[in-house]
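Student: Sharing a structure here in structure tokens format.
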Amino acid sequence: LGGGVARVVIFNLGYLPGGDKTICTVTEGTMRAARAAMDAVSVYGCVSLTCYAGHAEGKVEQEEVLSLARSLPVQDWSSYVLEWANARNKKTGTYAPLLVLLQRLR
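Residue numbers (this note's numbering): 309 to 414.
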């Protein structure tokens, strides 16, 4: 996509519930795609990333997504993080999912 052509780009990270758990998103690809999505969204457009840290790759992926969100210049981006307060991963006890929303301001 060219710059500024998308109004919203949505990511649902991890693996398909009930699917093959050996097939999941990986941090390197997610971060490359997230940066491309940020280039593609228009002013006031959003990039939405739903993270699931209940497995090893998901935990690394979530930390990288959060690091990206926290590093963005406040004059250019609004970064929001929403954590489910009453939903935990049964195996790890981590709160999941975690929603990261990035809104381009200019």
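The beta-carbon is built from N, C-alpha and C at its ideal position, and this holds for glycine as well. Every value quoted in this text rests on a predicted model; they were computed, and no experiment measured them.
Below 8 Å, how does it come out for the stretch 336 to 346 and the stretch 393 to 407: are there three or more Cβ pairs, yes or no?
Tutor: no
Student: Does the Cβ-Cβ distance between residue 359 and residue 313 come in under 8 Å?
Tutor: Indexing the sequence shown from 1 puts residue 359 at position 51. Indexing the sequence shown from 1 puts residue 313 at position 5. No.
Student: Could you round the C-beta distance between residue 373 and residue 357 to whole angstroms and report it? I think they count as a contact, below 8 Å.
Tutor: Here residue 373 refers to the residue found at position 65 when the sequence shown is read from its first residue. Here residue 357 refers to the residue found at position 49 when the sequence shown is read from its first residue. Yes, residue 373 and residue 357 are in contact; Cβ-Cβ is about 5 Å, under 8 Å.
Student: Give me the residue from 315, 386, 387, 366 with the minimum Cα distance to residue 404.
Tutor: What you label residue 404 is simply residue 96 of the sequence shown in a count that begins at 1. Across the set 315, 386, 387, 366, the C-alpha of 366 shows the shortest separation from the C-alpha of residue 404.
Student: Are the CB atoms of residue 353 and residue 412 within a distance shorter than 8 Å?
Tutor: By one-based count along the sequence shown, residue 412 stands at place 104. By one-based count along the sequence shown, residue 353 stands at place 45. A distance below 8 Å separates the beta carbons of residue 412 and residue 353.
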